[in-house]
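Enquirer: By my numbering, the letter at position 303 of the sequence shown is numbered 308, and the numbering carries on one by one without gaps. Quick reminder that beta carbons are idealized off the backbone N, C-alpha and C, glycines included. Quick one: the structure is below, questions incoming.
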Amino acid sequence: MTFATLQHATMLTELGHQVSVVAACPREHIESVTRLLSGRGIDFLALDIGGSGLLSRPVVGDVRGSIEQIVRLAPQSVLVEGRYFWGYHLIPLLKDCGMRIALVSHGSSAKRFGFSLDWVARSLVYGLYRWSHEREILRALDAVAVLSAHEDDDRFRDARLYRRLGLSPLVVSNTSVESVAMEVRRTAAKEGKIRIAVVGDMAPLKNQMAAIDLAERNESISFVKFFFPAENDYSRTLVSRAQDRGISNFEYCAGLDREAIIRSLGDIDLILCLSKTEAQPLAIIDGLACGVPFLSTPVGCVPSMKGGVISEVSGMREVIMQLAGDARAMEELASEARRFFEAAHSERAVKPALAALIAAAVR
6 MTFATLQHAT MLTELGHQVS VVAACPREHI ESVTRLLSGR GIDFLALDIG GSGLLSRPVV
66 GDVRGSIEQI VRLAPQSVLV EGRYFWGYHL IPLLKDCGMR IALVSHGSSA KRFGFSLDWV
126 ARSLVYGLYR WSHEREILRA LDAVAVLSAH EDDDRFRDAR LYRRLGLSPL VVSNTSVESV
186 AMEVRRTAAK EGKIRIAVVG DMAPLKNQMA AIDLAERNES ISFVKFFFPA ENDYSRTLVS
246 RAQDRGISNF EYCAGLDREA IIRSLGDIDL ILCLSKTEAQ PLAIIDGLAC GVPFLSTPVG
306 CVPSMKGGVI SEVSGMREVI MQLAGDARAM EELASEARRF FEAAHSERAV KPALAALIAA
366 AVR
């Protein structure tokens with residue numbers, strides 16, 4: 006959502022709007038963030054506030070002072086990025102000040118927790134919150150956007166809630182860093198081999214452990230390269246398990262930022278998404294921008310995306326073997342990936358959708 010905020014603020018500035026980003030920010034980072042945004046023509050207001058607004062993590066900090074600072078900006082509209090953080094909880098208070106408010110919803114997950122006492126407790130707390138607070142928040146909105154028109158029972162079920170409350174969701178998709186993606190130069194793969202990248206936080210919900218079975222004794226794979234922010238217990242367990250099985254075609258790249266990962270996609274043939282829950286994976290979109298197809302589980306809106314193959318994990322090994330032996334099919338997927346990115350996720354496609362969201366809020 007941080008990246009989406011930066012992209013949306015930049016696009017709105019390019020459309021001629023005067024834009025301020027309002028965010029909680031540690032004191033030691035305020036100067037660098039201000040410098041970054043001012044270079045894009047964006048003002049920055051740092052607030053001393055935190056929490057999600059959920060009963061388990063109430064909003065903390067100077068709420069009244071924060072509202073007063075936002076009011077002094079005299080915004081014609083306020084764009085709230087995401088749900089379940091302090092800004093989402095402030096929506097009714099901002100509405101009481103006469104502001105027009107739009108929400109970009111990145112989807113909430115019904116599969117985030119497994120069945121346990123902790124899961125039951127969280128579900129009860131969340132259910133109480135929805136009845137006591139959330140309807141008041143959503144009824145204060147003037148417009149709402151979702152990442153895709155696709156709906157499922159996990160990350161995109163929220164669209165049904167919006168419609169029940171009289172809101173018609175617009176679609177404002179995620180996009181990539183196009184200026185970086187355009188610089189990526191492709192290198193040829195070995196005949197009959199697939200080079201695979203797995204990008205994202207190392208976590209059980211991302212299910213990267215399943216890549217071990219796909220790579221073991223699979224002659225169709227040149228390598229599986231993992232890009233992740235930092236090592237943790239899950240990543241160390243994955244590495245240990247791969248070593249115990251004698252799998253040598255695994256590579257690990259930790260600590261790279263998003264632009265560095267995009268620049269590293271020149272020798273990748275397939276973005277692999279093994280997740281149990283996703284909304285609209287940025288890793289897949291970055292791959293599409295570089296002409297790299299995807300192989301993904303049917304999560305979030307991915308089944309409605311083009312330029313890749315949808316499969317349950319159990320069928321992915323066979324898909325990889327088939328693609329490795331069909332160079333023409335891989336070329337067609339790569340071409341389809343670029344076309345779909347241009348049509349649905351490029352700045353050229355997203356910018357007018359974002360403008361329409363702001364216009365809807367103001368109306």
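With DSSP as the reference, label Ser245 as helix, strand or coil.
Expert: Helix at Ser245.
Enquirer: Exposed or buried, Ser240, counting other C-beta atoms within 10 Å across all chains shown (16 or more means buried)?
Expert: Buried.
Enquirer: Over the uninterrupted beta strand (DSSP E) stretch that includes Ala28, give me the two end residues.
Expert: Run containing Ala28: 25–29, per the beta strand (DSSP E) assignment.
Enquirer: So Val318 and Ala215 are in contact, right, with Cβ under 8 Å, and what is the actual spacing, rounded?
Expert: The pair is a contact, with the Cβ atoms about 5 Å apart (cut-off 8 Å).
Enquirer: Which ranges does the alpha helix (DSSP H) cover as unbroken runs of at least 4 residues, wholly within the stretch 53–137, from first to last along the chain?
Expert: Counting whole runs of 4 or more residues, the stretch 53–137 contains the alpha helix (DSSP H) stretches 68–77, 91–94, 96–101, 122–134.
Enquirer: Taking the beta strand (DSSP E) that Lys311 falls in, what are its first and last residues?
Expert: Run containing Lys311: none; DSSP gives neither H nor E here.
Enquirer: Rounded C-beta distance between Pro298 and Gly312? I'm assuming under 8 Å.
Expert: With a Cβ gap of about 5 Å, Pro298 and Gly312 count as contacting.
Enquirer: Arg344: which of Ile325, Cys295, Ser301, Gly330 sits nearest, CA to CA?
Expert: If we check each option's Cα against that of Arg344, Cys295 comes out closest.
Enquirer: Kindly indicate the opening and closing residues of the beta strand (DSSP E) around Lys230.
Expert: Unbroken beta strand (DSSP E) run through Lys230: 226–233.
Enquirer: Can you tell me the Cα-Cα spacing of Ser173 and Lys198, whole angstroms?
Expert: Each residue's Cα considered, the two are about 46 Å apart.
Enquirer: Terminal residues of the continuous alpha helix (DSSP H) containing Ile266?
Expert: Its alpha helix (DSSP H) spans residues 263–268.
Enquirer: Have a look at Val85 and Asp158 and give me their C-alpha separation to the nearest angstrom.
Expert: Taking the straight line joining both Cα atoms gives about 24 Å.
Enquirer: Tell me which same chain residues have a C-beta within less than 8 Å of the C-beta of Tyr89, skipping the five on either side of it?
Expert: Excluding residues within five positions, the ones whose Cβ falls inside 8 Å are Ser57, Gly58, Leu59, Ser113.
Enquirer: Would you mind working out which of Ile315, Tyr167, Ala164, Val27 sits nearest Leu279, comparing C-alpha positions?
Expert: That would be Ile315, whose Cα lies nearest to the Cα of Leu279.
Enquirer: Go ahead and pull the three-state DSSP assignment for Leu236.
Expert: Going by the sequence as given, residue 236 is Glu instead of Leu. It is coil, neither helix nor strand.
Enquirer: In the DSSP assignment, what residue or residues form a beta bridge with Leu407?
Expert: Here the chain has residues from 6 to 368 only, and residue 407 is not among them.
Enquirer: Would you call the stretch 155–169 in contact with the stretch 272–289, where contact means no fewer than 3 C-beta pairs closer than 8 Å?
Expert: They touch, by the three-pair rule.
Enquirer: Check each candidate in Gly44, Asp218, Ile267 and name the one with the smallest Cα separation from Leu243.
Expert: Comparing Cα-Cα distances from Leu243 to each of Gly44, Asp218, Ile267, the minimum goes to Asp218.
Enquirer: Give a yes or no on whether the C-beta atoms belonging to Glu224 and Ile252 are separated by under 7 Å.
Expert: Taking 7 Å as the Cβ cut-off, Glu224 and Ile252 do not qualify as a contacting pair.
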